[in-house]
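K.L.:
Handing you this structure, nothing more for now.
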Amino acid sequence: MSQHYYFNEDLAKFGNIGDFQKPLADKFFSWYGEVFKDGALSAKEKSLIALAVAHAVQCPYCIDAYSADAFEKGFDEAQMMEAVHVAAAIRGGASLVHGVQMMNKVNEISM
Amino acid sequence: MKSLKALQHALSDSQYQLDVLEHSEGQKAFFDALKEIGLYPLQPAAFEIFQVNVGKMCNQTCKHCHVDAGPDRKEIMSRDTMSECLGILRDHPEFETVDLTGGAPEMNPNFRWFVEEIKKLDRKIIVRCNLTIIVANKKYHDLPDFFKSNQVEVVSSLPFYSKSRTDRQRGDGVFEDSIQALQMLNAVGYGTENSGLLLNLVYNPSGAFLPADQSQLEQDFKSALFKDFGVMFNHLFTITNMPISRYLEFLLVSGNYEHYMQKLISAFNPAAAKNVMCRNTLSIGWDGFIYDCDFNQMLDLKVESPVVHIRNFNKEALIHRNIVIGQHCFGCTAGSGSSCGGATV
Ligand code: SF4
Ligand code: SF4
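Chains A and B, in that order, give the protein sequences. Quick note: the first sequence uses the working numbering, first residue 477, plus one each step. Quick note: the second sequence uses the working numbering, first residue 11, plus one each step.
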C-alpha cells in the first residue's frame, strides 16, 4: 500500500482507469469529452464551472487541471477566485440551510 | 531587467540552449514526428514573406522574449545591409510581404528610411510594434502617422486585457502605455472600420501553457478593450511561447520545462506541421545572415544551403533547401499551430 494519498503524477494516469473496465471507461471519457465541448455554454464557461465544482468536491486533481485550464482559456486570477467563492458560498449555505432542519428537530423535541 | 547576454547567462549561448533542447531524455524527436506524417525532410513550399529582423535593441525586456532583446542590446542592421535587402526585394516580386521585426524595429535609426524604400517597391509591410515605443519618447509619438502614410500593417503584442497579467510578463507600466499607444493608433484610423489600416494584436500565454482558442480570445479581447478603454483592433493572433532564450530560462527556473515540452509534443498536430511559417518565409538577421525563421535565427541555426548570407542571395538554391528543425519546432505545431500570423489551422 502507498504511504500517501494523492500523487501529482496520478492525474496523467487517469486514462488508465480503462485498464480495469474498458467499456465503462470509454463511455465515461466520450461523455466527458462531449460535456466540455462548446454547446449552449461555451467551453470557456464550462471550464470556470468545473473549477468551482472542483473546489466544492475538493478534488486536488480537478483543481490542478481546471486551474490550468481556466487560466489558459483566458480567465484572470480575480475571476477564478470569485468562482471559488461561489463554490464556497454554496457549500457554506448548504451547511447552514440544514440549520433549519436542526431547528425543526429541536423545536420538535422541545416542550 | 537585463538581457541574458548582459548577465552573461549560460542560456545567452545558443549552443547551450540547443544542448538543453536536444538532449532531453525520453522526449520524442521532432524529426520522428515529421517522418510519421511523411513531411521529413521539411522543405519550403514557396517564397511569400521576407522577414527582416532589424535589430535586438528594445525599450522593453519581456520575460518571454525569444530575441533576448532589451535596451542593453546594441546589434542593429546597418543601412548597407538594408540596401542589400531592398535589392533582393526588387529582383523578387514573389516576396509580397515584408515583415519587419526586432527588438523594437523603430529604434533602428534607419527604420523609417527602410520602410519608405520598401513602400516604393509596392509591397505589403508589416511592422511588429511593441506599442510602448510609441509613447516611450517624443521622437516616436508620430509613429501612428508614419505608419498610416506608408499603409503599414501594425502587429502588436498585448499579453492580456488586464494590467496585472500584462505587466508581469512585459514589465511594470507596460499595460497602461500600451493602451495609450493603441488609443493613438485608433485616433489616426488604425483598427477602425473601413479605414483599411490594419491593427492586429498578438496574444501569447503568460506562463507555461498553450494559447486558448483564437476566436474566443479575440472576442474576449475585443469586448474588454472596447468596454474599458474604447480601444478597437482588427484581429487577435494567438502565438505559442517557444522554448528558447528567456522563456526557456523561465521554464527551467520554474521547473516547468519537462512538462511544457511534453505538452507541446502531445499536442503535435499534423495539419499545423504542414502550415509552419518557415515554408513560405525567409528570415534575415540584423547582420544579413539568412535563416528559416526568427526562432532559428535566435538559435543561430543558419539555413542549410550554400547561400547563408544575403550578399550571395540565390533563390533557386534557397527554395531547394531542407529546413533546419529541432525540438523547439514543436512550438509551431502544437494544437492549432503557431506562426507570426497566429494559429495556422
Ligand atoms: S518580446 Fe518584443 S517587446 Fe518584449 S523585449 Fe522582446 S522584442 Fe522587446
Ligand atoms: S521553429 Fe522555425 S523552423 Fe521550426 S517549425 Fe517553426 S518556423 Fe519552422
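Every residue gets a Cβ at the ideal spot worked out from N, C-alpha and C, and that includes glycine.
With distances taken between CB atoms, is the gap from Leu220 of chain B to Pro154 of chain B smaller than 8 Å?
P.N.:
Here residue 220 of chain B is taken as the residue at index 210 of the second sequence, counted from 1. Here residue 154 of chain B is taken as the residue at index 144 of the second sequence, counted from 1. No, they are not a contact pair.
K.L.:
Just verifying my parser: in three-state terms, what is the DSSP assignment at Glu314 of chain B?
P.N.:
On the second sequence, residue 314 of chain B is found 304 positions in, with the first residue counted as 1. The answer is strand: DSSP assigns Glu314 of chain B an E or B state.
K.L.:
Among all residues, which have a Cβ less than 6 Å from at least one non-hydrogen atom of ligand 2, and in what chain order do they fall?
P.N.:
Counting every residue whose Cβ lies closer than 6 Å to a heavy atom of ligand 2, we get B:Val286, B:Met287, B:Cys288, B:Asp302, B:Cys303, B:Phe305, B:Asn306, B:Ile333, B:Ile335, B:His338, B:Cys339 and B:Cys342.
K.L.:
Going by DSSP, what residue range makes up the beta strand (DSSP E) through Gln534 of chain A?
P.N.:
Against the first sequence, residue 534 of chain A aligns to sequence position 58. Gln534 of chain A -> no beta strand (DSSP E), and no H or E assigned at all.
K.L.:
Excluding the five sequence neighbours on either side, which residues of its own chain have a C-beta within less than 7 Å of the C-beta of Asp540 of chain A, listed in chain order?
P.N.:
As a position in the first sequence, residue 540 of chain A is number 64, starting the count at 1. Same-chain partners within the cutoff: Leu487.
K.L.:
Taking its Cβ as the centre, do 16 or more other Cβ atoms sit within 10 Å of Arg138 of chain B, making it buried, or is it exposed?
P.N.:
By 1-based counting over the second sequence, the position of residue 138 of chain B is 128. It is buried - the Cβ of Arg138 of chain B has at least 16 other Cβ atoms within 10 Å.
K.L.:
Could you give the DSSP three-state label for Asn63 of chain B: helix, strand or coil?
P.N.:
Working through the second sequence from its first residue, we reach residue 63 of chain B at position 53. Strand.
K.L.:
Does Asp502 of chain A get closer than 8 Å to chain B when you measure Cβ to Cβ?
P.N.:
Taking the first sequence and counting its residues from 1, the one referred to as residue 502 of chain A is at position 26. With 8 Å as the cut-off, Asp502 of chain A does not count as an interface residue toward chain B.
K.L.:
At a threshold of 7 Å, does Gly295 of chain B count as lining ligand 1 (C-beta to nearest heavy atom)?
P.N.:
As a position in the second sequence, residue 295 of chain B is number 285, starting the count at 1. Because no heavy atom of ligand 1 lies under 7 Å away, the Cβ of Gly295 of chain B does not count as near it: no.
K.L.:
Would you mind telling me which residues of chain A sit closer than 9 Å to Gln226 of chain B, beta carbon to beta carbon, in chain order?
P.N.:
Counting from one through the second sequence, the residue named residue 226 of chain B turns up at place 216. Per Cβ cutoff of 9 Å: Asp514, Ser518, Ala519, Lys520, Lys549 and Gly550.
K.L.:
Using the three-state DSSP reduction, which class does Gly494 of chain A fall into: helix, strand or coil?
P.N.:
Numbered from its first residue, the first sequence carries residue 494 of chain A at position 18. Three-state DSSP puts Gly494 of chain A in a helix.
K.L.:
Can you tell me which residues fall inside 7 Å of ligand 1, judged by beta-carbon distance to its nearest heavy atom, and keep chain order?
P.N.:
Spelled out in chain order, the answer is B:Cys68, B:Gln70, B:Thr71, B:Cys72, B:His74, B:Cys75, B:Val77, B:Ala79, B:Gly80, B:Gly112, B:Gly113, B:Ala114, B:Asn140, B:Ser167 and B:Arg180.
K.L.:
Spatial neighbours of Val317 of chain B within its chain, please: CB distance less than 8 Å, with the 5 preceding and 5 following residues excluded, ordered by chain position.
P.N.:
Within the second sequence, residue 317 of chain B is the residue found at index 307, counting from 1. Only Ile300, Phe323, Asn324, Ala327 and Leu328 meet the Cβ criterion.
K.L.:
Among the candidates B:Leu209, B:Ile335, B:Thr142 and B:Ser348, whose CA atom is the shortest distance from the CA of Lys45 of chain B?
P.N.:
Within the second sequence, the letter at position 35 stands for residue 45 of chain B. Residue B:Ile335 is the option with its Cα nearest to Lys45 of chain B.
K.L.:
Using DSSP with H/G/I as helix, E/B as strand and the rest coil, what is Leu110 of chain B?
P.N.:
As a working note, residue 110 of chain B is residue 100 in the second sequence. Note: Leu110 of chain B maps to strand in three-state DSSP.
K.L.:
What residue ranges within the segment 233-307 of chain B form continuous beta strand (DSSP E) runs of no fewer than 3 residues, ordered along the chain?
P.N.:
Whole beta strand (DSSP E) segments, 3+ residues: 246-248 and 291-294.
K.L.:
Let me confirm a value: Lys148 of chain B is counted as buried when at least 16 other C-beta atoms fall within 10 Å, else exposed. Which label applies?
P.N.:
Against the second sequence, residue 148 of chain B aligns to sequence position 138. When all chains shown are included, Lys148 of chain B counts as exposed.
K.L.:
Please name the residue in B:Cys72, B:Ile320, B:Asp223 and B:Ala277 whose C-alpha comes closest to that of Met87 of chain B.
P.N.:
Reading the second sequence from its first residue, position 77 is the one you call residue 87 of chain B. Among B:Cys72, B:Ile320, B:Asp223 and B:Ala277, the Cα nearest to that of Met87 of chain B is on B:Ile320.
K.L.:
Evaluate contact between the segment 55-69 of chain B and the segment 118-129 of chain B, counting only Cβ atoms and requiring at least three cross-stretch pairs below 8 Å.
P.N.:
The answer is yes - the segment 118-129 of chain B touches the segment 55-69 of chain B, with three or more Cβ pairs under 8 Å.
K.L.:
Between the segment 225-245 of chain B and chain A, which residues of the former have a C-beta closer than 7 Å to a C-beta of the latter?
P.N.:
Cβ contacts with chain A come from Gln226, Leu227 and Asp230.
K.L.:
Using DSSP with H/G/I as helix, E/B as strand and the rest coil, what is Ala344 of chain B?
P.N.:
As a position in the second sequence, residue 344 of chain B is number 334, starting the count at 1. DSSP places Ala344 of chain B in strand when its eight states are reduced to three.
K.L.:
Is Ser166 of chain B closer than 8 Å to Leu131 of chain B when the C-beta atoms are compared?
P.N.:
Residue mapping note: residue 131 of chain B aligns to position 121 of the second sequence, counting from 1. Residue mapping note: residue 166 of chain B aligns to position 156 of the second sequence, counting from 1. No. Outside cutoff.
K.L.:
Taking the alpha carbon of Phe483 of chain A as the point to measure from, which residue in A:Ile525, A:Gln497 and A:Tyr537 has its own alpha carbon closest?
P.N.:
Within the first sequence, numbered from 1, the residue matching residue 483 of chain A stands at position 7. Among A:Ile525, A:Gln497 and A:Tyr537, the Cα nearest to that of Phe483 of chain A is on A:Tyr537.
K.L.:
Are the segment 47-59 of chain B and the segment 288-299 of chain B touching by the rule of at least three beta carbon pairs closer than 8 Å?
P.N.:
Touching, yes.
K.L.:
Smallest Cα separation from Leu208 of chain B: which of B:Phe340, B:Ile136, B:Ala234 and B:Gly113?
P.N.:
Position 198 of the second sequence, counted from the first residue, corresponds to residue 208 of chain B. Checked all of B:Phe340, B:Ile136, B:Ala234 and B:Gly113; the closest Cα to Leu208 of chain B is B:Ile136.
K.L.:
Mind listing which residues of the segment 30-42 of chain B have their C-beta closer than 8 Å to chain A's C-betas, in chain order?
P.N.:
Listed in sequence order: no entries.
K.L.:
Rounded to whole angstroms, what's the CA-CA distance from Leu246 of chain B to Tyr213 of chain B? Just pull it up for me.
P.N.:
For the purposes of this step, residue 246 of chain B is identified with residue 236 of the second sequence, where counting begins at 1. For the purposes of this step, residue 213 of chain B is identified with residue 203 of the second sequence, where counting begins at 1. Between Leu246 of chain B and Tyr213 of chain B, the C-alpha separation is close to 7 Å.
K.L.:
Can you tell me the Cα-Cα spacing of Ser523 of chain A and His76 of chain B, whole angstroms?
P.N.:
On the first sequence, residue 523 of chain A is found 47 positions in, with the first residue counted as 1. On the second sequence, residue 76 of chain B is found 66 positions in, with the first residue counted as 1. Rounded to whole angstroms, Ser523 of chain A to His76 of chain B spans 30 Å at the Cα level.
K.L.:
Sort out for me which residues DSSP pairs Val164 of chain B with in a bridge.
P.N.:
In the second sequence, the residue the question calls residue 164 of chain B occupies position 154. According to DSSP, Val164 of chain B bridges with B:Val137 and B:Leu209.
K.L.:
Span of the alpha helix (DSSP H) holding Gly574 of chain A?
P.N.:
Start at 1 with the first residue of the first sequence, and residue 574 of chain A comes out as number 98. The residue you asked about is not Gly; residue 574 of chain A is His in the sequence shown. Its alpha helix (DSSP H) spans residues Glu553 to Ile585.
K.L.:
Which residues of chain A have a Cβ atom closer than 9 Å to the Cβ of Phe340 of chain B, listed in chain order?
P.N.:
Locating residue 340 of chain B in the second sequence gives position 330, counting from the first residue. Those within 9 Å of Phe340 of chain B in chain A number zero; the least Cβ separation is about 17 Å.
K.L.:
Where does the unbroken alpha helix (DSSP H) through Glu126 of chain B begin, and where does it stop?
P.N.:
As a position in the second sequence, residue 126 of chain B is number 116, starting the count at 1. Counting along the chain, the alpha helix (DSSP H) containing Glu126 of chain B begins and ends at Phe121 to Lys130.
K.L.:
Considering only their Cβ atoms, is the gap separating Gln226 of chain B from Lys513 of chain A smaller than 8 Å?
P.N.:
In the first sequence, residue 513 of chain A corresponds to position 37, counting from 1. In the second sequence, residue 226 of chain B corresponds to position 216, counting from 1. No, the Cβ-Cβ distance between Lys513 of chain A and Gln226 of chain B is not below 8 Å.
K.L.:
May I ask which residues mark the beginning and end of the alpha helix (DSSP H) holding Leu487 of chain A?
P.N.:
Taking the first sequence and counting its residues from 1, one reaches residue 487 of chain A at position 11. Per DSSP, Leu487 of chain A belongs to the alpha helix (DSSP H) from Asn484 to Ala488.
K.L.:
Can you tell me the Cα-Cα spacing of Ala197 of chain B and Gly206 of chain B, whole angstroms?
P.N.:
On the second sequence, residue 197 of chain B is found 187 positions in, with the first residue counted as 1. On the second sequence, residue 206 of chain B is found 196 positions in, with the first residue counted as 1. When rounded, the distance between both Cα atoms is 14 Å.
K.L.:
So what does DSSP say about Gly80 of chain B, is it helix, strand or coil?
P.N.:
On the second sequence, residue 80 of chain B is found 70 positions in, with the first residue counted as 1. Gly80 of chain B: strand per DSSP, three-state reduction.
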